[in-house]
Amino acid sequence: AAGHNQLQGEKAGLEQREEVLRGQQRRLEEAEQDHQELRKQHSHLMEEHERAKQTLAQTERAQDDLQGELRGVRNRLTALQLEQARLEAENGALKEQNQQLDTTLGRLSTQCELLAQLKGNQEEENRHLLQEIQALSKENRHLLERSMENREHFQEEQRQYLDKLGELRREKQKL
């Protein structure tokens, strides 16, 4: 009976150890599963990390491109501002030139008005002189006609005088 109890005790001890071992095996299996799960998560996180690195690289490239575009836009803006300043200066110069031309135009307008008045006065004077010339011409014709008449009359008188003188000479010779 003592041997049986001993065997019973050993059996109980073995079962207890077996139970302990099974518990340990379960814990190991669970730990293995946990380990597998952690490996999967690690692999998944590594993939995500790789994707994040690629996205970051793309973002940095895009940012570099945008920085380049921004520099280009700033350069164009500077060029446009310079062009605007140049055009404003040119516009100012043209306005000034325009004002000078307006002043000159006003002066020329005044001169034109004065010249028009002078022309009117000159034309009036010319009409007056033309009338005087016509009157003098008429008077000249009249004087010329009178002169011709006087000349004819003078020649007639001279002929009569010469005739008388000739007559007197002939009479004188007769005597």
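Using my numbering, read the sequence shown as starting at 73 and increasing by one per residue.
Positions of the beta carbon are idealized from the N, C-alpha and C atoms, including for glycine.
Just so you know, these numbers come straight off a predicted model, no measurement behind them.
>> Measuring only the C-alpha atoms, how far is GLN135 from LEU110?
In response: Numbered from its first residue, the sequence shown carries residue 135 at position 63. Numbered from its first residue, the sequence shown carries residue 110 at position 38. Computed Cα separation, rounded: 36 Å.
> Could one say the Cβ of ARG148 lies closer than 8 Å to chain C's Cβ atoms, at least one of them?
Replying inline: Considering every chain present, this structure includes no chain C. It has just one protein chain.
> Which residues bound the alpha helix (DSSP H) around ALA151?
Replying inline: For this step, residue 151 is matched to residue 79 along the sequence shown. It spans 74 to 246 - the alpha helix (DSSP H) in which ALA151 sits, taken as one unbroken run.
>> Distance check for VAL92 and HIS76, CA to CA, integer angstroms please.
In response: Sequence index remark: in the sequence shown, residue 76 carries index 4 (1-based). Sequence index remark: in the sequence shown, residue 92 carries index 20 (1-based). Straight-line Cα distance between these residues: approximately 24 Å.
>> Between which residues of its own chain and LEU152 is the CB-CB distance below 7 Å, once the five residues before and five after are set aside?
In response: Numbered from its first residue, the sequence shown carries residue 152 at position 80. Around LEU152: no qualifying Cβ.
>> For ARG223 and HIS214, what's the separation of their Cα atoms in angstroms?
In response: Counting from one through the sequence shown, the residue named residue 223 turns up at place 151. Counting from one through the sequence shown, the residue named residue 214 turns up at place 142. The straight-line gap from Cα to Cα measures roughly 14 Å.
> Could you give the distance in angstroms between the alpha-carbon of LEU186 and the alpha-carbon of GLU221?
Replying inline: Numbered from its first residue, the sequence shown carries residue 186 at position 114. Numbered from its first residue, the sequence shown carries residue 221 at position 149. Approximately 51 Å, taken between the alpha carbons.
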